[in-house]
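Chemist:
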Amino acid sequence: MAILVIAFFLATGLYIFRSTVTRELHDIEKSYTRYVENNLFDEALYNSASKEDITLKSFDGLNLTSTLIMNENPTNKFIVLVHGVSICYVGSLKYFDIFYKNGFNVLIVNQRRHGKSEGKYSTYGFYEKYDVNMWIEYLKSRFGNDIILGLHGESMGAGTVMETIPLNDSIKFVIEDCGYSNFHELIGFQITHEYKNRLVRKILRPSLLFANFFMKTKAKFSMKKIVPIDIVASTSLPMMFVHGKEDYFVPWYMAVDLYKAKTKGYKELYLVEGAKHAEALEVNKILYEKKIMTFIEKALSLYK
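Here the sequence shown is numbered in UniProt numbering, starting from 1 and rising by one per residue.
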């Protein structure tokens, strides 16, 4: 009997591991087509813009890729766009034209395991934060230490940019869109939300221990070490928290928790009615642009 119980938890733990750390990737062409058909970004502007593909080697030997889009009007302002799990760089395209039209150079990264970037596992910011820091240092080394640099992340990308904050004091602001306050708590929430039966939830809860076992042994990280809210609570960096109120993948209350935890420095909270996960911009792109650009203008004024 004990063997069967252990086997059950190993199986469910492995399922959680695979559905998060090795989650199936979206088809790039299909994702791009959906964005075009739904007018989520200015494709003509993207196609006409000057683009440069860049490859750098990560601290652990992975070839990671990005696309640098220099603004047609020379500027020292840069935004690094960091996508969520599964979607690759396409997930950042809907934000590209907002920043480009408002005078930013744009670096769109492919997180490890996505697009043309190498890697077997997504670690939800545990290792990815070092990748983003690498891109920041690349921009500084190429364009100078006086560049004005911000980070924008969606979902896993939001967790990643929050985790990056302590690594680099050149960051001027961070916008996190539908990120999580605590990764371990997020996975627990997803189990609770997916399975309404209280007994089933109680049975599955211990599976988190086994899922974390696989994360530690296979992907070399612990879900309990990814706690962006602790970083947010200790930083005075200007931050904006965005979340859709119909998000049941990463619950919107996590944005509220993050906002409340930040007691130092300038902060803004933007909760979007009717928006599901990663759809805050899609509900009203004009308002989204207005909100984040107002935030950025005030954030940058603090450095003058």
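Even for Gly, the Cβ is constructed at its ideal location relative to N, Cα and C. The model shown is predicted, which means the values in this text are computed figures rather than measured ones.
(1) Kindly indicate which three-state DSSP category LYS172 falls into: helix, strand or coil?
(2) Please state if the CB of HIS83 and the CB of SER141 are separated by a distance shorter than 9 Å.
(3) As a quick exercise: from ALA278, GLU268, PHE214, VAL161, pick the residue whose alpha carbon is nearest that of VAL227.
(4) Beta-carbon within less than 7 Å of LEU167's beta-carbon, same chain only, minus the 5 sequence neighbours each way: which residues are those?
(5) Measure the Cβ-Cβ separation of PHE189 and PRO238 and say whether it is below 9 Å.
(6) Please state whether DSSP places ASP97 in a helix, a strand or coil.
(7) According to DSSP, simplified to helix, strand and coil, what is ASN182?
(8) Would you mind stating whether LYS267 and MET240 have Cβ atoms separated by less than 9 Å?
(9) Could you spell out the range, first to last residue, of the alpha helix (DSSP H) harbouring ASP230?
(10) Could you give the first and the last residue of the continuous alpha helix (DSSP H) run that contains ASP257?
(11) Of all the alpha helix (DSSP H) runs that stay within the bounds of the UniProt domain "Serine aminopeptidase S33" (76 to 168), which reach a length of 4 or more residues?
(12) Which class does TYR303 belong to by DSSP, given the choice of helix, strand or coil?
(13) Would you kindly work out how many angstroms separate the C-alpha atoms of LYS57 and THR65, rounded to a whole number?
(14) Is it buried or exposed, THR67, if we count other Cβ atoms within 10 angstroms and call 16 or more buried?
(15) For the segment 16 to 23 against the segment 199 to 219, do three or more pairs of beta-carbon atoms, one drawn from each stretch, fall closer than 8 Å, so that the two count as touching?
(16) So, helix, strand or coil for SER207, using DSSP?
Modeler: In this structure, then:
(1) Residue mapping note: residue 172 aligns to position 172 of the sequence shown, counting from 1. For LYS172, the three-state secondary structure derived from DSSP is strand.
(2) The residue labelled residue 141 in the question sits at position 141 within the sequence shown. The residue labelled residue 83 in the question sits at position 83 within the sequence shown. A distance of 9 Å or more separates the beta carbons of SER141 and HIS83.
(3) If you number the sequence shown from 1, residue 227 lands on position 227. The shortest C-alpha to C-alpha distance from VAL227 to any of ALA278, GLU268, PHE214, VAL161 is the one to VAL161.
(4) As a position in the sequence shown, residue 167 is number 167, starting the count at 1. For LEU167, the CB contacts under 7 Å within the same chain, skipping 5 residues up- and downstream, are LYS129, ASN133 in chain order.
(5) As a working note, residue 189 is residue 189 in the sequence shown. As a working note, residue 238 is residue 238 in the sequence shown. In this structure, PRO238 does not lie closer than 9 Å to PHE189 by Cβ.
(6) Residue numbering aside, residue 97 sits at position 97 when the sequence shown is read from its first letter. Look at ASP97 here: in three-state DSSP terms it is helix.
(7) Locating residue 182 in the sequence shown gives position 182, where the first residue counts as 1. Three-state DSSP puts ASN182 in coil, outside helix and strand.
(8) In the sequence shown, residue 267 corresponds to position 267, counting from 1. In the sequence shown, residue 240 corresponds to position 240, counting from 1. For LYS267 and MET240, yes; Cβs fall inside 9 Å.
(9) Mapped onto the sequence shown, residue 230 falls at position 230. Note, ASP230: alpha helix (DSSP H), 228 to 234.
(10) Against the sequence shown, residue 257 aligns to sequence position 257. It spans 253 to 261 - the alpha helix (DSSP H) in which ASP257 sits, taken as one unbroken run.
(11) Correct list: 93 to 101, 128 to 143, 156 to 164.
(12) Looking up residue 303 in the sequence shown gives position 303. It is coil, neither helix nor strand.
(13) One-based indexing of the sequence shown puts residue 57 at position 57. One-based indexing of the sequence shown puts residue 65 at position 65. One Cα belongs to LYS57, the other to THR65, and the distance between them is close to 9 Å.
(14) Along the sequence shown, one-based indexing puts residue 67 at 67. By the neighbour-count rule (16 or more Cβ atoms within 10 Å), THR67 is buried.
(15) Look at the beta carbons and you see the segment 16 to 23 touching the segment 199 to 219: at least three pairs across the two are nearer than 8 Å.
(16) The residue given as residue 207 occupies position 207 in the sequence shown. Per DSSP, reduced to three states, the secondary structure at SER207 is helical.
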